[in-house]
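A short write-up of the structure that comes next.
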Amino acid sequence: GVRKAEAHVADALAHGAQVTTGGTRVTVPGGTGRFMAPTVLSGVTPAMLCFREETFGPIAPVCAFDTESDALAIANGTPYGLAAYLFTADGARIMRMAEALQYGIVGVNDALPATAQAPFGGVKHSGLGREGGHHGIEEYLDLKYVSWRIS
């Protein structure tokens, strides 16, 4: 919830990240403040909580890199793999990165890649299988192969 998001922002700031926008709880007159403003953190490193854990809040941690291989090492260097987002016009880079990113969902020039007909779920420590589309139905089924020799 909001407390976890606030803790991730506080940890990032304590370790040298900067808030580009947001970073605070959103309150309205008479409200309880159970919402976090959309937040962009720059200068994020793999040592920070917002990089190592799944926040499940409106926080976008931004890590700097020099090369495509550096970007892959940073992105894949987490125990989680729910969704990755890639923004580029280079078709060859899209194919290389989409293949190499260890994530269940890769949004290419798309911040909201999930749809009802597509499988939704992560890899590594993110999620327990898939939901959505026929892949979601298959999660509830056990596949069995039977070989019956008829003479």
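The sequence shown begins at -13 in this note's numbering and counts up one residue at a time. Every residue gets a Cβ at the ideal spot worked out from N, C-alpha and C, and that includes glycine.
Practice problem: Look at residue 115 and residue 108 and say whether their C-beta atoms are less than 7 Å apart. | Solution: no
Practice problem: Output yes or no for whether 7 Å exceeds the beta carbon distance between residue 25 and residue 2. | Solution: No; because the gap between Cβ atoms is not below 7 Å, this pair is not in contact.
Practice problem: Drop a sphere of 10 angstroms on the beta-carbon of residue 136, count the other beta-carbons inside from all chains shown, and report buried for 16 or more, exposed for fewer. | Solution: exposed
Quiz item: Taking the C-alpha atoms as reference points, what is the distance between residue -12 and residue 132?
Solution: Going from the Cα of residue -12 to the Cα of residue 132 covers about 51 Å.
Practice problem: Go to residue 86, then tell me how far its alpha helix (DSSP H) extends in each direction, as first and last residue. | Solution: Counting along the chain, residue 86 sits inside the alpha helix (DSSP H) bounded by residues 77 to 86.
Quiz prompt | Three CB pairs or more closer than 8 Å across the stretch 76 to 89 and the stretch 17 to 32 | solution = No, the stretch 76 to 89 does not touch the stretch 17 to 32.
Self-check item: Start and end residues, alpha helix (DSSP H) containing residue -12
Solution: -12 to 0
Self-check item: CB-CB length for residue 68 against residue 40, believed under 8 Å
Solution: 7 Å
Quiz item: Between residue 48 and residue 0, what straight-line distance do the alpha-carbon atoms span, to the nearest angstrom?
Solution: 16 Å
Quiz item: Is the CB-CB distance between residue 22 and residue -3 below 7 Å?
Solution: no
Quiz prompt | Nearest to residue 53 (by Cα), restricted to the options 113, 134 and 83 | solution = 83
Quiz item: Using the rule of at least 16 other Cβ atoms within 10 Å of the residue's Cβ for burial, across every protein chain shown, is residue 144 buried or exposed?
Solution: Outside the displayed span of the chain (-13 to 137) sits residue 144, for which this structure offers no information.
Practice problem: Grab me the residues of residue 121's own chain with a C-beta within less than 7 Å of its C-beta, minus the 5 sequence neighbours each way, in chain order. | Solution: 105
Quiz prompt | Nearest candidate by alpha-carbon position, reference residue 118, set 103, 59 and 93 | solution = Checking every option, the nearest Cα to that of residue 118 belongs to 103.
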